[in-house]
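For reference, the structure discussed in these notes is given below.
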Amino acid sequence: GIQVEQSPPDLILQEGANSTLRCNFSDSVNNLQWFHQNPWGQLINLFYIPSGTKQNGRLSATTVATERYSLLYISSSQTTDSGVYFCGGGNTPLVFGKGTRLSVIA
Amino acid sequence: NAGVMQNPRHLVRRRGQEARLRCSPMKGHSHVYWYRQLPEEGLKFMVYLQKENIIDESGMPKERFSAEFPKEGPSILRIQQVVRGDSAAYFCASSRPDRYTEAFFGQGTRLTVV
Chain A
24 GIQVEQSPPD LILQEGANST LRCNFSDSVN NLQWFHQNPW GQLINLFYIP
74 SGTKQNGRLS ATTVATERYS LLYISSSQTT DSGVYFCGGG NTPLVFGKGT
124 RLSVIA
Chain B
367 NAGVMQNPRH LVRRRGQEAR LRCSPMKGHS HVYWYRQLPE EGLKFMVYLQ
417 KENIIDESGM PKERFSAEFP KEGPSILRIQ QVVRGDSAAY FCASSRPDRY
467 TEAFFGQGTR LTVV
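For the record, the sequence lines run as chains A and B.
Numbering-wise (the working numbering), the first sequence opens with residue 24 and increments by one.
Numbering-wise (the working numbering), the second sequence opens with residue 367 and increments by one.
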């Protein structure tokens with residue numbers, strides 16, 4: 024089956040800094056989503072992005088399907104951005120990476 | 367439009383008891399997925415259902431675990447004779463039939479086996 028790798032596994036940022044999270048897939052996918060799991064455990068949809076680029080406020084994502092990777096950009100990070108970021112992809116159902124644990128320090 | 371509703375949010379069971387986890391998909395969604403998340407780990411796929419059908423149960427343990435999504439009512443994940451290793455967060459997701467590749471998750475049920 025499809026393997027999903029996320030990097031980096033852990034990231035500590037000063038408030039206001041920018042960051043890039045990466046998701047690599049072992050095979051082509053027809054579906055890719057980014058989620059934020061907040062400290063209360065809730066999974067929040069960030070992007071549905073099988074290909075191309077999308078932006079939502081301080082967050083943006085780019086998927087290059089032909090090269091089997093996706094990037095999540097977080098600009099001007101805030102403490103509320105802390106949590107774990109997961110990418111999920113594949114065909115149906117989603118296969119998840121192990122996540123990137125982000126800590127934003129004031 | 368309510369999101370995916372899971373209940374209970376927290377469930378404590380003694381070893382050997384049964385656990386029943388419920389998931390009501392978003393309105394208009396007919397595809398349901400169950401995932402398990404162990405502490406400090408990612409989400410592992412368990413089962414994919416449509417109304418009255420199990421589409422893919424390749425991630426479901428062969429014994430003690432079962433799932434259903436009846437014509438009426440919520441999807442149920444049932445764990446019989448729970449053991450300590452079943453302690454985890456169980457997430458349900460749903461998707462639309464015309465865009466089944468985009469999943470929306472519920473808040474999860476945290477099962478603790480004592």
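A virtual CB, placed ideally from N, CA and C, is assigned to each residue, including glycine.
In whole angstroms, what is the alpha-carbon distance linking residue i and residue j?
i	j	result
C46/A	M426/B	25 Å
S51/A	V480/B	42 Å
Q403/B	H376/B	14 Å
V378/B	G369/B	24 Å
S30/A	R124/A	10 Å
C110/A	G439/B	30 Å
Q65/A	P374/B	14 Å
M412/B	P405/B	16 Å
L82/A	Y466/B	24 Å
M392/B	E418/B	17 Å
G39/A	S126/A	12 Å
R386/B	Q37/A	43 Å
Where does residue i sit, in a helix, a strand or coil, going by DSSP?
i	result
T115/A	coil
G75/A	strand
R81/A	coil
E90/A	helix
R444/B	strand
D50/A	coil
D452/B	helix
D464/B	coil
Could you pull out every residue in the same chain whose Cβ sits closer than 6 Å to the Cβ of residue i, ignoring the five residues on either side in sequence?
i	result
L95/A	L44, W57 and A84
L409/B	Y401 and Q403
V118/A	I25 and V27
Y414/B	Y399, I421 and D422
Might you give, ordered along the chain, the residues of its own chain that have their beta carbon closer than 7 Å to the beta carbon of residue i, omitting 5 neighbours on each side?
i	result
H59/A	I67, L69, G106 and Y108
G113/A	I25, V52 and N54
Q383/B	V448
S9/A	Not covered by the structure: residue 9/A. The range shown for chain A is 24 to 129.
Measuring alpha carbon to alpha carbon, tell me which of the options ends up nearest residue i.
i	options	result
P436/B	C458/B, E423/B, S424/B and Q416/B	Q416/B
D464/B	H395/B, Q383/B, A455/B and R381/B	H395/B
N115/A	S390/B, R476/B, E468/B and E418/B	In the sequence as displayed, the identity of residue 115/A is Thr instead of Asn. Of the candidates S390/B, R476/B, E468/B and E418/B, the one whose C-alpha sits nearest the C-alpha of T115/A is E468/B.
G451/B	K393/B, R476/B, N419/B and C389/B	R476/B
L92/A	L34/A, D33/A, P62/A and P73/A	According to the sequence displayed, residue 92/A carries Tyr and not Leu. Measuring from the Cα of Y92/A, the nearest candidate turns out to be P73/A.
K121/A	E407/B, F411/B, M371/B and E423/B	E407/B
I442/B	P405/B, I420/B and S453/B	I420/B
S432/B	R444/B, D422/B and S424/B	R444/B
V454/B	P391/B, G474/B and M392/B	In the sequence as presented, Val is not what sits at residue 454/B; that position holds Ala. Residue G474/B is the option with its Cα nearest to A454/B.
G75/A	E90/A, N61/A and S42/A	E90/A
T86/A	Y71/A, W63/A and I35/A	Y71/A
Ignore the nearest five residues each way along the sequence and tell me which others in residue i's own chain have a CB closer than 8 Å to its CB.
i	result
C389/B	V370, M371, Q372, V398, W400, P440, S441, I442, L443, C458, S460 and G472
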